[in-house]
Every structure is written in C-alpha cells, then in structure tokens.
Amino acid sequence: MGKESLKGTIKDILLEEKLIRAMLHTIQGVGSGRLRQLIARFGSALNALQQIEGSQELQDEHWLQQIVQKSKEIHPADILESLHGQGIKLVIPEEEGYPELLRQLTDVPPLLYYKGNLPAGQEALAIVGARKATPYGRAAAESLAKEVAGQGIIVVSGLARGIDTAAHRGALAGRGITWAVMGCGLKHMYPPENQKLAEEIMAKGGALWSEFAPGMPPEPQLFPARNRLISGMSRGVVVVEAALRSGALITVDFALEQGREVFAVPGPIFSQMSKGPNHLIRQGAKLVEGFEDVCTEIPSFAGLGHMTNPSADRGTESADIGKQEDQRGISREQQQILNQLSDIPTHIDQITMNSEVPPEQIPLALLELQLAGRIEQLPGQFYVLAYKC
Numbered sequence: 000m001g002k003e004s005l006k007g008t009i010k011d012i013l014l015e016e017k018l019i020r021a022m023l024h025t026i027q028g029v030g031s032g033r034l035r036q037l038i039a040r041f042g043s044a045l046n047a048l049q050q051i052e053g054s055q056e057l058q059d060e061h062w063l064q065q066i067v068q069k070s071k072e073i074h075p076a077d078i079l080e081s082l083h084g085q086g087i088k089l090v091i092p093e094e095e096g097y098p099e100l101l102r103q104l105t106d107v108p109p110l111l112y113y114k115g116n117l118p119a120g121q122e123a124l125a126i127v128g129a130r131k132a133t134p135y136g137r138a139a140a141e142s143l144a145k146e147v148a149g150q151g152i153i154v155v156s157g158l159a160r161g162i163d164t165a166a167h168r169g170a171l172a173g174r175g176i177t178w179a180v181m182g183c184g185l186k187h188m189y190p191p192e193n194q195k196l197a198e199e200i201m202a203k204g205g206a207l208w209s210e211f212a213p214g215m216p217p218e219p220q221l222f223p224a225r226n227r228l229i230s231g232m233s234r235g236v237v238v239v240e241a242a243l244r245s246g247a248l249i250t251v252d253f254a255l256e257q258g259r260e261v262f263a264v265p266g267p268i269f270s271q272m273s274k275g276p277n278h279l280i281r282q283g284a285k286l287v288e289g290f291e292d293v294c295t296e297i298p299s300f301a302g303l304g305h306m307t308n309p310s311a312d313r314g315t316e317s318a319d320i321g322k323q324e325d326q327r328g329i330s331r332e333q334q335q336i337l338n339q340l341s342d343i344p345t346h347i348d349q350i351t352m353n354s355e356v357p358p359e360q361i362p363l364a365l366l367e368l369q370l371a372g373r374i375e376q377l378p379g380q381f382y383v384l385a386y387k388c
C-alpha cells in the first residue's frame with residue numbers, strides 16, 4: 000500500500016470514528032465522561048459499536064443497549080450532513096487541529112465541536128472574570144487581551160458578559176485570534192446579545208468551541224465543564240475581577256489541577272470585584288499589569304511576536320476611549336472633570352483639588368456626567384470614565 004493510499008485509509012477511519020462518537024453523543028446520558036469510559040473499555044467508539052452489536056451479554060447493560068438502538072435510528076453520515084448545514088465541525092484527539100494542550104489532560108475530551116477556524120499555532124492564554132464587571136475591569140481585560148493577541152497568542156475566554164466579552168473584543172482589536180468556549184451546544188448562542196461578537200470572532204480567524212452535543216441548551220451545571228476546557232486549552236489563566244464566590248475561581252481550580260500558570264490583575268480595594276484577584280495574589284498567583292508579566296512565567300510565549308513596551312501604553316487606552324468621543328453638550332466645567340478621569344478610580348476629593356471648578360459645583364457636575372453616561376460612580380465616592388463596549 001502506498002503512502003497516499005495509507006493516508007487516505009487512516010483519514011477514512013478517523014472520519015468514521017468521530018462520526019460514531021458524535022452519534023453516541025446524541026444518546027441521553029452519554030456525555031464526554033461516558034464516551035471516555037467506552038473508548039477506554041473497547042479501544043475506540045467504532046470497536047465498541049461492533050462488539051456491542053455482536054454480543055447479547057453486553058446488550059444486557061442498559062446504556063450499551065441504547066447504543067445499538069441509536070445506531071439503528073441514526074446513520075452517522077446523517078449527523079455529518081446536519082452539522083455541516085449549521086457550520087459545525089468535529090475534531091477528535093487523534094486528529095491534527097485538536098487543541099494541543101488538551102491532549103495533556105488525563106480526562107481529555109474525546110470529541111469537540113467547533114465553528115470557525117483551526118490555526119496552525121496554538122499557544123493560548125485564558126482571560127476570565129466577572130460577568131458584572133466594572134469599567135476598570137473591562138478596560139484592563141481588553142487592554143491585556145489586545146496586547147496578548149498582538150504577540151500571536153490565542154486569547155481564550157467564555158463569551159460571557161463582562162470580562163469575557165472585553166477579552167474577546169480586545170483580542171480582535173489587537174488583530175489577533177480568540178477562541179470562545181461555550182457552556183452549551185453550538186446550535187445555541189449564550190448570551191444571545193453576543194451573536195454579532197461570535198460572528199466577528201469566526202470571521203477574523205477564531206473559533207467557537209463546545210464539548211456538548213449541538214442541541215444542548217445553556218444550563219448552570221454545564222459551565223464548570225466549560226471552565227475546565229478554557230483552562231485546559233491554555234498555558235495559563237488570568238483572572239480580571241471576580242467575587243470570592245465566582246465561576247472564574249472554578250476555572251483557577253481546574254488550572255491548578257492541570258498544571259497551568261495562574262495570574263491575577265489587582266483591583267481597587269473598595270470594589271467587591273477585586274476580592275477574587277487580590278485573594279489569588281495573596282495565595283501565590285502572579286500579579287499581572289501587562290503581557291511582560293505573563294511572558295516571564297511562560298517561556299514559550301517569548302519571541303512569538305514583536306515585544307512591545309506595555310508600560311508605555313498601560314492605563315491610557317481607556318482614558319482615550321472616553322476623551323475621543325464627541326464633545327458636544329459638555330460644559331467647560333464638566334470637561335475639566337473628564338480630563339482628570341480614566342479607567343483608574345479617582346476620589347471626589349482628588350477631583351476637587353485638581354480642578355478649577357468651584358468645589359460646590361463638583362457634585363452637580365459629576366451627577367450630570369453620570370446621567371449623560373460619560374462617567375460611573377464606584378463605592379466610596381470614586382469615579383471612572385464610562386466604558387463603551
């Protein structure tokens with residue numbers, strides 16, 4: 000048999016194997032865990048199906064009997080046609096293109112669904128955090144993601160509201176690639192308002208990922224498994240804002256189990272969203288202010304792209320977001336206040352000291368700016384520019 004013929008045979012076997020895995024995934028109660036058990040027991044899904052069909056003894060096990068029944072109801076080729084019609088593709092660990100770092104896991108997902116593209120290089124960093132993110136947190140996540148993506152590193156996150164959304168947007172702004180790992184099947188979009196962002200991720204070379212069957216709706220119990228995938232795909236996990244009881248900290252637990260690096264962006268001490276990252280730093284997580292802090296801990300990131308000087312731009316991007324907007328309708332006093340604000344919280348006393356605005360006019364000017372959507376107030380009479388997604 001020639002090399003080309005052999006390659007063709009292997010390709011056909013892999014295609015059949017992953018289609019059978021996808022067919023098994025449609026059986027209620029057969030998720031990644033059951034699929035792993037089946038493959039460990041029989042060597043492959045293909046072998047499992049053949050042996051179960053030929054053994055009445057095996058079919059006495061109820062869930063194995065379901066496999067035989069399902070194989071009579073659904074032809075694997077029909078699954079492929081259905082998935083392709085929705086732009087959903089399959090990849091298994093035995094194939095090229097499967098996320099390399101996931102292969103290192105003891106509980107490697109036996110089948111992944113994706114929409115979008117599989118890049119050749121797969122160095123990746125996860126950026127996760129609170130859904131109810133503050134302007135500071137969103138700005139920090141977007142700035143870091145832009146920097147990371149600009150170095151040719153994939154930014155991995157969960158497409159959730161808040162920090163995840165900011166991380167994906169930052170990666171796109173950095174002309175890089177970002178992966179969104181879903182807590183549902185790929186027939187669904189959660190949250191629905193991120194449909195346009197998901198389309199942009201795919202259009203610009205990224206991908207949406209899930210280990211759940213495409214029809215699986217978003218449910219709370221699915222998100223820990225999603226978080227495990229996020230950390231598993233990445234060299235490290237950066238937490239940007241999280242309460243002490245947060246899904247982002249579940250991702251950190253998985254990262255530690257998987258031997259990944261853990262990083263945290265410090266936050267203002269007055270914000271509840273700083274409790275999680277600041278706690279992680281006390282526990283030994285690496286403090287991150289920019290890409291250089293990550294690069295020193297993950298040697299494989301060094302030299303992937305042109306090393307910029309993050310400190311030269313750090314802290315100015317979010318200020319520019321607010322200051323580049325149309326200035327119409329803003330009084331001279333309000334503009335003086337805006338000029339002092341950025342994504343870093345500034346106390347009202349500092350605003351008063353550094354402004355030519357009479358002190359008695361400051362509270363009213365701040366209130367008007369809040370009502371106009373130009374600034375946001377944080378606990379303790381701190382103010383930041385309102386961040387526009």
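For the sequence shown, numbering that gives the first Met the number 0 begins at 0 and goes up steadily by one.
Glycine included, each C-beta is placed from N, C-alpha and C at the ideal position.
These figures come from a predicted structure and were not determined experimentally.
Across the set A206, E240, I26, N226, the C-alpha of N226 shows the shortest separation from the C-alpha of I249. Contact annotation: A247 and A254 have beta-carbon atoms that are not nearer than 7 Å. Secondary-structure assignment with DSSP links K114 through a beta bridge to L207. Here E296 really is in contact with E260; their C-beta atoms are around 5 Å apart, less than 8 Å. Less than 7 Å divides the Cβ of E332 from the Cβ of A364.
Cβ-Cβ distances below 6 Å link N116 to G204, A206 in the same chain, with the five nearest sequence neighbours on each side left out; the list follows chain order.
CA-to-CA, the gap between L171 and G266 works out to about 24 Å. Residue burial is scored here from C-beta neighbours: M352 has fewer than 16 other C-beta atoms within 10 angstroms and is therefore classed as exposed.
Distance from L34 to P213 at the Cβ level is roughly 15 Å; contact not present, criterion being Cβ atoms closer than 8 Å. Taken in chain order, the complete beta strand (DSSP E) segments of 3 residues or longer contained in the region 128-168 are 153-156. As computed with DSSP, I374 is found in a beta bridge with L384. Shown here, T351 sits in a helix according to DSSP, grouped into three states.
Straight across, the Cα-Cα distance linking F41 with L279 is about 42 Å. Going by DSSP, V251 is part of the alpha helix (DSSP H) stretching over 246-256. Taken in chain order, the whole alpha helix (DSSP H) runs of length 4 or more contained in the region 6-83 are 31-41, 44-52, 55-58, 61-72. Per DSSP, the beta bridge partners of F262 are V237, K285. For the pair F290 and V180, the CB atoms are not nearer than the 7 Å cut-off. For A179, the enclosing beta strand (DSSP E) begins and ends at 177-180. Minimum Cα-Cα distance from T25 among the listed residues E56, K10, I12, I66 corresponds to I66. Contact check for E359 and Q335: beta-carbon distance about 15 Å, past the 8 Å limit, so the pair fails to qualify. Judged by pairs of C-beta atoms under 8 Å, the region 108-115 touches the region 75-95, as three or more such pairs exist.
The residue among E80, L243, M215, V251 with its C-alpha nearest the C-alpha of I229 is V251. By the 16-neighbour rule on beta-carbons within 10 angstroms, R234 is buried. One thing to note: I19 has its Cβ within 7 Å of the Cβ of L45. Scanning its chain for C-beta atoms nearer than 6 Å, with the 5 sequence neighbours on each side dropped, one finds around A129 the residues G161, I162, E240, A241, M272, in chain order.
Excluding five sequence positions before and after Q339, the CB atoms of its chain that fall closer than 8 Å to its own CB belong to T345, Q349, I350, N353, S354, given in chain order. Judged by DSSP secondary structure, L337 falls within the alpha helix (DSSP H) whose first and last residues are 331-339. Ranked by how close their Cα comes to the Cα of S156, the residues Q150, Y135, W178, G136 have W178 in first place.
Under the three-state reduction of DSSP, V293 is assigned to helix.
A check of alpha carbon separations from P378 across Y135, C183, G86, K69 identifies Y135 as the nearest.
Boundaries of the alpha helix (DSSP H) around K195: 194-202.
For L89, the uninterrupted beta strand (DSSP E) run begins and ends at 88-90, by DSSP.
Under the three-state reduction of DSSP, L363 is assigned to helix. The beta carbon of A76 is closer than 8 Å to those of L18 in its chain, skipping five residues each way along the sequence. Between A123 and I153 the beta-carbon gap is near 4 Å, inside 8 Å, which marks them as a contact.
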